[in-house]
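Beneath this line is the structure, given in structure tokens, with notes to follow.
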């Protein structure tokens, strides 16, 4: 069974791009949203309930979608702790067993069908009692929408953002991270992370799960926001090593001409995966991983 969960918030309209890309292959889709419309950082956000429920009514032709409302903004927890807690409660809502996939509203699988095939090669339908693993995807972060297109991040070949997207036993410790053995796939996901209006960007940078860790000082956060505001399709070539937490992770920017998200998905140049098929097979072998660690230990 393929279970797909979304953490939904103020940017719910991104679901219009992400849900259609996973709907056909998903057996269960659960949308978890704070019942009071309050962010992980404790701030009330605007939310058009009528438009949201109308969208769900229109898209959910097979009655797969479960809307789960709860308190996901505990005051005593940090942004990241609230993030992780919501993901755990979302997983509990979908129940034990099957493949648990967590996608954020602004994440778009380029080929979800192929990703599901990769999962079913590993196990057709996990019971939840198997050896725990994560299955990961490389991300392409979208940095900004310009007048004529989009600026997207090209990561250092050896430091692609590889994010755990699926697991057979959800037990998250930090966002989607669990500490389980990671299996890599070549199934790219576009992360429409910062292609927003200035107002939306300012709200996100102050309230996202990583805000208290990567941009925890107000002056630094404001400075980074100002940097984002000035980049455009003319000066992007001069931006290097600009990830807010680990600068070298985001090596440089590329530009793609597109008027909307669908054109972006069609026109973007997917980076070459940094591992060959043989290297990927070794990387995904638990036995090889254990053997490598043993050799490292014996060399000490």
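In this note's numbering, the protein residues as written are 3 to 302.
Every residue gets a Cβ at the ideal spot worked out from N, C-alpha and C, and that includes glycine.
Note that the structure is predicted; figures quoted are calculated from it, not measured.
- By the Cβ neighbour-count rule, residue 255 is buried, with 16 or more other Cβ atoms within 10 Å of its own.
- For residue 167, the uninterrupted beta strand (DSSP E) segment begins and ends at 164 to 169.
- Three or more beta-carbon pairs drawn from the stretch 268 to 279 and the stretch 185 to 203 are found closer than 8 Å, and the two stretches are therefore classed as touching.
- Taken atom to atom, the span from the alpha-carbon of residue 232 to that of residue 106 is near 27 Å.
- In this structure, DSSP gives residue 279 a helical state, which the three-state scheme calls helix.
- CA-to-CA, the gap between residue 202 and residue 165 works out to about 24 Å.
- The C-beta distance from residue 242 to residue 253 rounds to 7 Å, short enough to fall under 8 Å.
- In the structure shown, residue 6 adopts extended strand secondary structure according to DSSP, grouped into three states.
- Only residues of its own chain outside the window of five on either side were considered, and among them 44 have a CB closer than 8 Å to the CB of residue 77, listed in chain order.
- Bridge pairing for residue 114: absent [DSSP].
- Residue 182 places its beta carbon less than 8 Å from that of residue 136.
- By a beta-carbon distance limit of 8 Å, residue 184 does not contact residue 139. Their separation comes to about 11 Å.
- Annotated as proximal: residue 134 and residue 170, with beta-carbon spacing under 8 Å.
- Contact annotation: the stretch 147 to 157 does not touch the stretch 57 to 73, with fewer than three C-beta pairs closer than 8 Å.
- Between residue 101 and residue 4 a beta carbon distance of about 5 Å is seen, short of the 8 Å cut, so the two are scored as contacting.
- In the DSSP annotation of this structure, the continuous segment of the beta strand (DSSP E) that includes residue 136 starts and ends at 135 to 147.
- With 16 or more other Cβ atoms inside 10 Å of its own Cβ, residue 197 counts as buried.
- Residue ranges of uninterrupted alpha helix (DSSP H) with 4 or more members, entirely inside the stretch 38 to 111 and ordered along the chain, are 51 to 61, 81 to 96.
- Residue 74 sits away from residue 95, with the two beta carbons spaced by 8 Å or more.
- Counting only the Cα atoms, residue 229 lies some 45 Å from residue 130.
- Per DSSP, the continuous alpha helix (DSSP H) segment holding residue 226 begins and ends at 220 to 232.
- Annotation for residue 259: 150, 151, 269 place their beta carbon closer than 7 Å to its own, counting only its chain and skipping 5 residues before and after.
- Sorting 284, 14, 266 by C-alpha distance to the C-alpha of residue 143 places 266 at the top.
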